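Read the structure below first, then the notes.
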Amino acid sequence: MSLGSVPPLHEDRRPDGGTLMGSDDNFDIVVVGAGPVGLSFAASLAQSELKVAVVEQNTFDSLANPAFDGREIALTNASIRTLRELGAWDVIPASDKSALQGARVLNGSSAFALRFDPPSNSGEPLGVLVPNCRIREALFKIVRLQDRARLLCGHSVVDATNSQEGAVVTLSNGARLTARLVVAADSRLSATRDLLGIGADINRLGHSMLICRVRHERAHHQIAIEWFDHHQTIAILPLAEGMSSLLLTLRSNEAYRLLAFDDDLFLSELTKRCRGRLGKMTLASMRHTYPLVTTWAHKFRAPSAALIGDAAIGMHPVTAHGFNIGLSSQKQLARGIMTACRDGRNVGDPDMLHIYERRLRLSAAPLYHATNILVGLYSRDHLAARLARHLGLRFAQHVPLVRHGISAELQR
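Counting with this note's numbering, you get residues 9 to 420 for the letters of the sequence shown.
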């Protein structure tokens, strides 16, 4: 879909950046949450005749011009293909795309590194790093151009009821939206999921991730580093030459202590924690912190309702794979809906939702649970855990099936 191929969406804008409700509040699908996955889902339905509403509590202007939030998304080739199909990939400036040519996993002070590289004959990188805000901005532009989609900004969902006959969503301004299907895409702490009566395993890990961009004197060669050190985890994501995104995972109180440092003291602390790996560093962005929370919803569907993205599965960021799973989840659901429509079935068809849930569970469960085991192992600092980590990395390095399988999954 080109940006000029669809007439622009009409928004009833309020002076405060919200949107006014029209006289017709009946929709085929109501999507709650205009993050990257929610917007992707709306964009995936662009070629249908379905009437879609996207409800977002933030203002229109904050969606149209999202601020840099520190997060870099490691996109697999499959995710890039999906974004290209939606028309969003070419909207993202080339200067915001950083090829990932390999990854190394380190353990403590050991010089050994587990290596992940693209297959020599693939001709493609392991993935591409793109700022989260640029993905959101591109998808927002695409959804704005859909003639059967409405963006309802500046409103939160305060109530939701659902049955086999459909769903009713009540907004904070008192408006009531009816839909044949409501789709929750409003974060891993989804209020809509709660309103639908769907429970979730939510694990607040007691750690936070401190993120910033740094310029540095030593070359990164487009190689990412995941370094499980004592009492901390460091991720170094290569961006433009001489610049990286640095992610430091610490106990939350320690992360906030570092956040309060002035720039000079903070850089000195970073250099010490990185053991000079990047050489001299200077800050290239503001600092951001995010508490670490993982989520696994007990169900991914209910009558006339479905969960996508983090509302269904909130992965630990150590995988750098959460958005890819979210993008895949919305694509699976959109395909199921389109098939149901072609077959003359309801967009909330129970059998279709059951198939969606089963496929997402089967595809995501192994990585989710394996990651939690890995994080548990690497968060312990006693001697047995350090030895297990060391042996595990060496085992993976010398079993090509393991390394190549992970590399293939990243490239899929």
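Idealized CB from N, CA, C, for every residue including glycine. This one's a predicted model, so the numbers in the text were calculated from it and none came from an experiment.
Stretch-stretch touch, CB-based, cutoff 8 Å, three pairs: the stretch 58-65 with the stretch 306-317: They do not touch, by the three-pair rule.
Residue span of the beta strand (DSSP E) that contains Asn170, given as start and end: Note, Asn170: beta strand (DSSP E), 165-171.
C-beta contact flag for Leu185 and Val177 at 8 Å: Yes, the Cβ-Cβ distance between Leu185 and Val177 is below 8 Å.
Outcome for Ile100 when other beta-carbon atoms lying within 10 angstroms are tallied against a minimum of 16: In summary, Ile100 is buried, with 16 or more beta-carbon neighbours lying within 10 Å of its beta-carbon over all protein chains present.
Residue of Ser118, Leu159, Asp33 minimising C-alpha distance to Ala42: Leu159 is the residue among Ser118, Leu159, Asp33 whose C-alpha sits nearest the C-alpha of Ala42.
8 Å Cβ cutoff met for Phe49 and Val165: No, Cβ-Cβ distance for Phe49 and Val165 is not below 8 Å.
Residues of its chain near Arg367, where Cβ-Cβ distance is below 8 Å and the 5 sequence neighbours each way are ignored: Contacts found: Gln340.
Counted within 10 angstroms of its Cβ, other Cβ atoms place Phe76 as buried (16 or more) or exposed: By the neighbour-count criterion, in which a residue is buried when 16 or more other Cβ atoms sit within 10 angstroms of its Cβ, Phe76 is exposed.
Which of helix, strand or coil DSSP assigns to Asn34: Three-state DSSP puts Asn34 in a strand.
Local Cβ density within 10 Å of Thr347, reported as buried at 16 or more and exposed below that: Burial state of Thr347 is exposed, judged by a 10 Å Cβ sphere holding fewer than 16 other Cβ atoms.
Own chain, CB closer than 6 Å to Leu255, minus 5 neighbours either side, in chain order: Taken in chain order, the residues that qualify are Met217, Ile219, Ala243.
Cα-Cα separation, Arg285 to Arg226: If you take the alpha carbons of Arg285 and Arg226, they lie about 8 Å apart.
Contact under 8 Å by Cβ, Thr169 with Ala319: At least 8 Å separates the beta-carbon of Thr169 from that of Ala319.
Limits of the unbroken beta strand (DSSP E) element including Ala121: 121-124 is the span of the beta strand (DSSP E), which, as asked, contains Ala121.
Bounding residues of the alpha helix (DSSP H) (the contiguous stretch that carries Pro44): Counting along the chain, the alpha helix (DSSP H) containing Pro44 begins and ends at 44-52.
Given Ala82 as reference, the closest of His329, Met323, Glu57 once Cα atoms are compared: Selected option, being the one with the closest Cα: His329.
Cα-Cα separation between Val38 and Arg353, rounded to whole angstroms: Taking the straight line from one Cα to the other gives about 18 Å.
Limits of the beta strand (DSSP E) - the one that Met217 falls within: Here the beta strand (DSSP E) through Met217 covers 208-224.
Residue nearest to Thr379 in terms of C-alpha spacing, selected from Cys349, Thr327, Phe148, His362: Per the Cα distances, Thr327.
Residue range of the unbroken alpha helix (DSSP H) whose run includes Gln340: First-last of the alpha helix (DSSP H) with Gln340: 330-350.
8 Å contact criterion, which Ala51 and Val151 should meet: CB distance rounded: The Cβ separation is near 5 Å, so the contact holds.
Backbone CA spacing between Gln172 and Met289 [nearest angstrom]: Computed Cα separation, rounded: 58 Å.
Contacting residues, own chain, Cβ-Cβ under 6 Å from Arg156 (five flanking each side not counted): Cβ within range, chain order: Lys59.
Extent of the continuous alpha helix (DSSP H) to which Asp237 belongs: Segment 231-237 is the beta strand (DSSP E) holding Asp237; no alpha helix (DSSP H) there.
Counted within 10 angstroms of its Cβ, other Cβ atoms place Glu132 as buried (16 or more) or exposed: By the neighbour-count rule (16 or more Cβ atoms within 10 Å), Glu132 is not buried but exposed.
C-alpha gap between Leu247 and Ser106, whole angstroms: Answer to the nearest angstrom: the Cα atoms are 5 Å apart.
Nearest residue (CA-CA) to Ser180, options Asp167, Cys141, Asp202: With distances taken between CA atoms, Ser180 lies nearest to Asp167 out of Asp167, Cys141, Asp202.
Beta-bridge partners of Cys161, as assigned by DSSP: Glu64, per the DSSP bridge assignment.
Reduced DSSP category for Met289 - H, G, I as helix; E, B as strand; rest coil: In the structure shown, Met289 sits in a strand (DSSP, three-state: E or B).
Tyr376 to Val40 span [Cα, whole Å]: Their Cα atoms are separated by approximately 24 Å.
Reduced DSSP category for Ala305 - H, G, I as helix; E, B as strand; rest coil: Under the three-state reduction of DSSP output, Ala305 falls in the strand class.
Contact set for Ser195: own chain, Cβ-Cβ below 6 Å, skip 5 residues either direction: Listed in chain order, the non-local C-beta contacts of Ser195 below 6 Å within the same chain comprise Asp318, local neighbours out to five positions each way being set aside.
Outcome for Gln338 when other beta-carbon atoms lying within 10 angstroms are tallied against a minimum of 16: Label assigned to Gln338: buried.
Opening and closing residue of the beta strand (DSSP E) in which Ser118 lies: Taken as a continuous stretch (DSSP letters only), Ser118 belongs to no beta strand (DSSP E), as it is neither H nor E.
Terminal residues of the alpha helix (DSSP H) in which Ser260 lies: 260-267 is the span of the alpha helix (DSSP H), which, as asked, contains Ser260.
Nearest residue (CA-CA) to Ala373, options Phe269, Ile333, Asn115: Measuring from the Cα of Ala373, the nearest candidate turns out to be Ile333.
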